[in-house]
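Residue numbers (our numbering): 551 to 702.
One structure below.
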């Protein structure tokens, strides 16, 4: 038995072809957002709190679980629900979670600003809590890594 991840790769290639640097969001068979190729998707709006796609159709992530625990500690409401692309497009904030990036803000969707077009206050609050949890300034580490790799 084997499991191919080719569809993830092809989706990311198509997204990058349409907009350099873009990542693909994969939909389930009903047209709801499932996940990104290597990350879980999280939306936030003031009315519903954090919304993640239902975990019955995606691979639950360890980083997503950390995010849930931090949200609970910070008393940020969260829930699992079907998440339509149109709902994500009008979210106040959105981000990805995965082991390699912890959290990454989504600032555009299909070439249009998502929320303010900048990492939002909930993202900043959760990232600060995550940095405290692991004892590393995650944002500073990411900036240092980006500078180090500019010439590569």
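Note that beta-carbon positions come from the ideal geometry of N, C-alpha and C, so glycine has one too.
query	result
Check whether the Cβ atoms of residue 620 and residue 679 lie closer than 8 Å to each other.	yes
State the Cα-Cα distance for the pair residue 676 and residue 557, rounded to the nearest angstrom.	31 Å
Have a look at residue 649 and residue 588 and give me their C-alpha separation to the nearest angstrom.	9 Å
Look up residue 593 in the DSSP assignment and say whether it is helix, strand or coil.	strand
Please report the straight-line C-alpha distance between residue 647 and residue 672, rounded to a whole angstrom.	14 Å
Can you name the start and end residues of the alpha helix (DSSP H) that residue 684 belongs to?	671-684
Which same chain residues, not among the five before or five after residue 610, have their C-beta less than 8 Å away from its C-beta?	590
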